[in-house]
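In this note's numbering, the protein residues as written are 1 to 937.
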C-alpha cells in the first residue's frame, strides 16, 4: 500500500491544480452615468444562468473596478448600488471574461419618493485614513457633531470636551479639508450640526513642510475631516435653539453656514450654565466635568478661494467661562507614612479672544507659499480658599492644619506666525523649502496670598504668611528650517535638512510683605526673583527615501547640538547665578509604509526628540513655593531624549464590510527628569531634580468592527493594553542617600459593543472591564499600603433612539460604573440614567408669496434621573497616590426648542423639509446623497 501513496498524492495535486486552472476571472468597471466617476462599493452578484441562484460576489474598489473568480460557464451578473438603477449582464466565459465599462443611472424615483434604509459600511479604511459613514450612526435632526462622534466605535469625548479616537487625541477638526476653529476642536464638536456630515475621516495629518517634501518631520497630528453632504455644499443652512429648566438651568445656541462653490462663511454663538463648555445643543451629552461652569462663546470662520492660485481660511473666536470647583483630595506618599487631606474651593473666570488665519498662494506650478499668522489675548481672574492637613503616625509632633486663600488677576497677549516657501527646481522631484516661524508672549499677573499653619502638638504661635505679588512672564521664540530634496535614480530621494530654533523665557516676580504700618512694602526675599532661560537647538539631518507602488521607506540620521543658559537674580544674592551648558544628541529615524492595497496597510516609524528642563528645574537655588514647601533646581540637568516607536496596521474587508485597526506606541526616555521629594521637619516637602534612565511607556490597541449576517446588527470590540515604567528617587524622613524606586504598571481594558440600526429604532449595548497592577521595586522603604496595588474598573450601559409615530423621538441612555481596589471612601458604584422626548414639527410662516415651513424640534431632557452620579479621580506615580472628588452638576431637566432653516442651490429650501407622518424625504442614508437638487431632510 505504501508504494501507492506517492501516486495518490501526485494525483491529488494534479487534480487540484487542474481545478484551479479551470478558474477564470470576470472583470469590469462600474461608473456613474452622469459624472463618469467610478462607483466604489457597488455590489457584484454572480448568478447561475439557469435558475438565478447565487454563486459568489464582490464589491468594486475605489476606482469602480472588480474581478471575480468563477468556473468557466454561463452566468448573470447582477450589478447594484443604493440610489442607482440596477443592471443585469449575461456573461459566457467561453466567449469573453471582461464585461467592460458599465454605467449606472440614478434612480430618480428612489431618491425622490422612496424611504430607503441605510446599509452603508460603518468603517472603511482608505490608505492611512479611517472613514466613518455618518449614515450608519443615526442621530436626531437637531443633534450636533459631538453626538455623532460619541456613536463612533473607538471614539470618546471626556468631561472636559477632549476628543479621542482609538486612543489618539484629536487636535483639530476640518470641514472639507479646511480648518474649522482648528485650535479648538471642542467648538466644532459642540456646534456643527450633525445633519450636514456625510463622512468622518480620521487621519494623521502631516505638517505643511512634510506634505510638500514627502518627508515626515514628526510634527503630524491626528485630526477629523468632515465631508459635507453633496447637496449642502452650496447654499445657506442654520439653526437657533434655546432651553430652560429647573434649578435655573439654561442653554442657547445659534449657527449659520453660507457656502458657495469652495467658499464658506460660518458663524456660531452659544451660552449655557449646564457644564457644556463647548456650547451647542440638541444632544444627550451633558456636564460631568469638574465643578459648575457658565459659558458664553461666539466665533466666525471663513474659507475662501478667490482664484485657482490663492485661497485663505481663518477664524476669530471669543470664549468666556466662569467655573466653581469644590475639591476633596487624599494624598498618600510612598516614602513615608505621611498623609495629606485637602479641601478647597476655587473660582476661575477666564475670557479669551483668539484669531487664526492661513493664506496659501501658488504663483506658478512650481512654487507654493503658505503663511499662518495667529493672535490671542486672555484675561484671567482666580479666587480660592481651602484647608490642608498633613499627619504622620511616626512624627505626630509635626502634624499640622493649614488654612489658605488667594486671589489673582492677569492677562496674556500672544502673537505668532509661520511662513513656508517651497520651490520645485525640476520635474523629477528636486526642490528646496524654507520655513520661518516665530512668536512672542507677554503676561502680567497681580495676586494676594494668605496662609496660616497651626501645629497640633507644638506650643507655638501659628505661622502666618501674608503677601502680595506681581509677576511678569515674557517669552519669545524663532525657528528656521531649510530642506533640499534631490532625486536619485528612479523614485529615490535624498533630503538634506537644517533646523535651528531658539526659545527665550523670562519671569520677573516681586513679592511684598506687610510692614509695621500694615502696608505691603517689605520685599519677601525668598519669594522674589528674576529668572531667564535661553535654549538654542540645532538639527542637521540626512534622510533617504524610496517610493514604490507597494511600499516606501525612509531612513535618516540627525545631529542635534543644543545649548542651555539660565540666569537667576534674587535680592539676597551676592552675585547673579548664570550657567550655560552644551549638549549633543544623535536622532536616528526609520519609517516603513507597506500597502497590500488602499484598504490594507502597515506603517512602522521610529524617531527621537530632545526636550529641555524648565527654568525652575535648572535654577541653582531654593525656590520657596509656600510656607511648608520648597524646591531646589539642579543646574547640571541634561536635556532628556525620547525614543519613539509607532506601529499601525489597518485592514478593511469590503466583502464583509468589516474592519481591523491596531496600533502600538512605545516610548523610552534617557536622561528623564525625575523629582526627589524629602519629607522634612514639620512635615515640609523639599523637592529637587535628577536625571534618570529607563522611563518608558507602551500602548497597544486592537479594534474589530463588523456587521452580522443581518446587516442591521453590528459588533465592535476594542482591546487596550498599556505598560509604564516610572523611575524616581525616594528618601526616608531620617535622611540618607536617595534610592531609586521603579513603579511598573500593567493595564488592560476590554470593551465590547453591539449595535442595532433600523429606520425606526436604534440601540447600542456596551460593556468594559479594565485591570491595572502596579509593582514598586523599592518595597522595603515604601508605605506598606502602597507597595503593590491592583485596581479594577467595570463599566457598561446602553442607549436607544426610538422614532415613534407622529414625529416623536424617544431617547435614553443608562451607564453603570464601578471599581475595586480603591481606598475606602473612594469606591464607586453609580448608575447614570438620562432621557429625552422630542417632537418634530413644522412652523408655518405666512408671506405674501405663500407659506414657508421651518422644521423645529421641541425637546424635554432630564439628566441623572437616579441622582446617583459620583465624580472621583485617581492618579498614581512612583512618589504618591492621589484620590480626589469634585462637585458637579446635579440632576435637572430642561425644555428646549430648536428651529432649523436652509436653502440650497437647485431647490431644498426650508419649506421642503416638511414631515409627513413621520417619514423623512431625502437622499438614502447609505448612498451618495444626490447632487443638491432634491430635499435634504
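Every residue gets a Cβ at the ideal spot worked out from N, C-alpha and C, and that includes glycine.
Closer than 6 Å by C-beta to residue 654: which residues in its own chain qualify, once you throw out the five before and the five after it? Chain order, please.
59
Runs of beta strand (DSSP E) lying entirely within the segment 697 to 780, each at least 3 residues, in chain order
Counting whole runs of 3 or more residues, the segment 697 to 780 contains the beta strand (DSSP E) stretches 713 to 732, 735 to 757 and 761 to 776.
Determine contact between the segment 215 to 228 and the segment 344 to 362, defined as no fewer than three beta-carbon pairs at a distance below 8 Å.
No: fewer than three Cβ pairs fall under 8 Å.
Whose C-alpha, out of 886, 320 and 880, is nearest the C-alpha of residue 336?
Of 886, 320 and 880, the smallest CA-CA separation from residue 336 is found for 880.
Suppose only complete runs of 3+ residues qualify. What are the beta strand (DSSP E) ranges in the segment 158 to 218, listed by chain order?
163 to 165, 172 to 175 and 197 to 205
Starting from residue 902, trace the beta strand (DSSP E) in both directions and tell me its first and last residue.
892 to 904
Residues sharing a beta bridge with residue 304, DSSP
312.
Which first and last residues belong to the beta strand (DSSP E) in which residue 489 is found?
Careful: residue 489 lies outside any beta strand (DSSP E) and carries neither H nor E.
Measure the beta-carbon distance from residue 741 to residue 730 and round it to whole angstroms, keeping in mind my assumption that it falls under 8 Å.
Confirmed, about 5 Å.
As assigned by DSSP and simplified to three states, the class of residue 680
coil
Leaving out the 5 sequence neighbours to the left and right, which residues in its chain are closer than 6 Å to residue 192 when beta-carbon positions are compared?
145
Just mark residue 597 as buried or exposed, buried being the case when its beta carbon has 16 or more other beta carbons within 10 Å.
Per the 10 Å Cβ criterion, exposed.
Please classify residue 146: does DSSP put it in a helix, a strand, or coil?
Annotated three-state conformation of residue 146 is helix, per DSSP.
Secondary structure of residue 615, DSSP reduced to three states
Helix.
Neighbourhood of residue 409 by C-beta distance below 6 Å, restricted to the same chain and skipping five residues each side:
381 and 446
What's the C-alpha gap between residue 359 and residue 427?
25 Å
Report buried or exposed for residue 92, applying the criterion of at least 16 other Cβ atoms within 10 angstroms of its Cβ.
exposed
Compare the Cα-Cα distances from residue 822 to each of 798, 762, 342 and 883 and report the closest residue.
883
In whole angstroms, what separates the C-alpha of residue 657 from that of residue 833?
So the two alpha carbons sit approximately 33 Å from each other.
Burial state of residue 149, where buried means 16 or more other Cβ atoms lie within 10 Å:
buried
Whole-angstrom distance between residue 33 and residue 73, CA atom to CA atom:
29 Å
In terms of residue numbering, what span does the beta strand (DSSP E) encompassing residue 423 cover?
400 to 424
Put residue 515 into one of helix, strand or coil per three-state DSSP.
Note: residue 515 maps to coil in three-state DSSP.
Counting along the chain, where does the beta strand (DSSP E) carrying residue 653 start and finish?
640 to 653
What is the rounded straight-line gap between the Cα of residue 266 and the Cα of residue 648?
35 Å
From which residue to which residue does the beta strand (DSSP E) around residue 32 run?
24 to 32
Answer yes or no: do residue 242 and residue 796 have a C-beta to C-beta separation smaller than 8 Å?
no
Quick check: the segment 700 to 717 against the segment 670 to 689, are there 3 or more CB pairs under 8 Å?
Contact between the segment 700 to 717 and the segment 670 to 689 is absent: fewer than 3 CB-CB pairs across the two stretches fall below 8 Å.
Opposing strand residues paired with residue 850 [DSSP bridges]
847
Could you check what DSSP says for residue 396 in three-state terms: helix, strand or coil?
helix
So residue 127 and residue 601 are supposed to be a Cβ contact under 8 Å. How far apart are they, rounded?
6 Å
From which residue to which residue does the beta strand (DSSP E) around residue 78 run?
Taken as a continuous stretch (DSSP letters only), the beta strand (DSSP E) holding residue 78 covers 74 to 80.
Mapping DSSP to helix, strand and coil, what is residue 797?
strand
Under the three-state DSSP convention, the category residue 248 falls into
If DSSP states are grouped into helix, strand and coil, residue 248 belongs with the helices.
Tell me the DSSP secondary structure of residue 525 in three-state form.
helix
Starting from the Cα of residue 401, find the closest Cα among 900, 383, 463 and 422 and give me that residue.
463
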